[in-house]
Amino acid sequence: MGKYFLTLSVLKGPWDQVFAAFWLRYPNPYSKHVLTEDILYREVTEDQRLLSRRLLTKTNRMPRWAECFFPTNVAHSVYILEDSIVDPQNRTMTTFTWNINHARLMVVEERCVYKENPDNNSWTEVKREAWVSSSLFGVSRAVQEFGLARFKSNVTKSTKGFEYILAKMQGEAPSKTLVETAKEATEKAKETALAATEKAKDLASKAATKKKPQQQYV
C-alpha cells in the first residue's frame, strides 16, 4: 500500500490571475530543478474547457542507495506528464501529474484543484492530493517514505514559486529567496565588522594621542 498526502492552501490572487500565472510560473527562483516544459497537446472543447498536456523535465536527485539501480546518465532526470482541465464557466482548474520514467523505483501521482475561495473571491483555494507508490522488492516502504518527504519539499517550492509569479503580476516586489536573504545578511555582517574595526582603530588612535608620559620625581 502506498502513501497518501492531502493539503489545502490559499493563493492570494483571484482565480483568473492564478490561472494565468499557472502557465507563466517557470522559470522562477524556486524552480531551478525544472529544466524544460513542452506542450504536447491542447484543445478547446465545445463546452469551452481548455484541455492541455505538457511534458516537464526535472532534476530531482535520487538518494545514493537508489542510484545503483539505474544507469548514471539517467539517474538525475525525471520526466513528468501534466494534464490540465480549465473550466472558465465554473472557474476551476484541475491538474494531474505523474512520472513516466523511474516507475520501477517509484511512481508519484498528483491531483490539484484550483477554485475560488468561498469566503473571499479575491483568493484562490488549492486542494492538492498525492499518491506515492513503489514496487521495488524489499525496500518499497523506504522508497515511499523518501518519495513523500521529497514531494512535501517540492510542494513548498512550488507554492513559493507561484506566489513569486503572482506578486510580479500584481505589481508587488516578490519576496526575497533564502539565497538572496542570506547573501544580503552576509554582506551586511561584513559591513558591520568593517565599521567596527575602523571605529576601534580610531578610538585606539585617540587614546594614544591623549596619553602623556608620566614624569618621575626623585
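For any residue, its number in our numbering is found by taking its place in the sequence shown, counting from 1, and adding 281.
For every residue, glycine included, the Cβ atom is placed at its ideal position computed from N, Cα and C.
{"query": "In chain order, what residues of the same chain lie with their CB nearer than 7 Å to the CB of residue 316, ignoring the 5 residues before and after it?", "result": "338, 339, 340"}
{"query": "Could you tell me which residues DSSP puts in a beta bridge with residue 408?", "result": "289, 394"}
{"query": "Kindly give me the distance between the Cβ atoms of residue 289 and residue 410, rounded to whole angstroms, as I take these residues to be in contact under 8 Å.", "result": "Actually they do not touch by this definition, with Cβ atoms about 10 Å apart."}
{"query": "On the three-state DSSP scale, how would you describe residue 339?", "result": "strand"}
{"query": "How many whole angstroms separate the CB atoms of residue 405 and residue 291, which I take to be in contact at a CB cut-off of 8 Å?", "result": "7 Å"}
{"query": "Keeping to the same chain, check which residues put their C-beta closer than 6 Å to that of residue 392; ignore five residues upstream and five downstream.", "result": "377, 410"}
{"query": "Check whether the stretch 305-312 touches the stretch 424-444, taking contact to mean three or more Cβ pairs, one atom from each stretch, closer than 8 Å.", "result": "yes"}
{"query": "Are there 16 or more other CB atoms within 10 angstroms of the CB of residue 425, so buried, or fewer, so exposed?", "result": "buried"}
{"query": "Pick helix, strand or coil for residue 441, following the three-state DSSP scheme.", "result": "helix"}
{"query": "Taking buried to mean at least 16 other C-beta atoms within 10 Å of its own C-beta, is residue 418 buried or exposed?", "result": "exposed"}
{"query": "Under 9 Å, do residue 388 and residue 413 count as touching if we go by C-beta distance?", "result": "yes"}
{"query": "Please list the terminal residues of the continuous beta strand (DSSP E) segment that includes residue 364.", "result": "359-368"}
{"query": "According to DSSP, is residue 374 part of a helix, a strand, or is it coil?", "result": "strand"}
{"query": "What residue range is occupied by the uninterrupted alpha helix (DSSP H) comprising residue 297?", "result": "296-305"}
{"query": "Under 7 Å Cβ to Cβ from residue 335, same chain only, skipping five residues before and after it: list those, please.", "result": "318, 319, 320, 321, 363"}
{"query": "With a cut-off of 8 Å on the beta carbons, I'd call residue 284 and residue 429 a contact; round off their distance for me.", "result": "5 Å"}
{"query": "Between residue 368 and residue 345, what straight-line distance do the alpha-carbon atoms span, to the nearest angstrom?", "result": "42 Å"}
{"query": "Pull up the distance between the alpha-carbon of residue 383 and that of residue 361, whole angstroms please.", "result": "11 Å"}
{"query": "Just the C-alpha distance for residue 435 and residue 293, rounded to the nearest angstrom, thanks.", "result": "20 Å"}
{"query": "In terms of residue numbering, what span does the beta strand (DSSP E) encompassing residue 386 cover?", "result": "Careful: residue 386 lies outside any beta strand (DSSP E) and carries neither H nor E."}
{"query": "Helix, strand or coil for residue 402 per DSSP?", "result": "strand"}
{"query": "My understanding is that residue 396 touches residue 431, with C-beta atoms under 8 Å, so please give their C-beta distance in whole angstroms.", "result": "27 Å between Cβ atoms; not a contact."}
{"query": "Could you pull the DSSP bridge partners for residue 420 from this structure?", "result": "Its beta-bridge partners do not exist; DSSP assigns none."}
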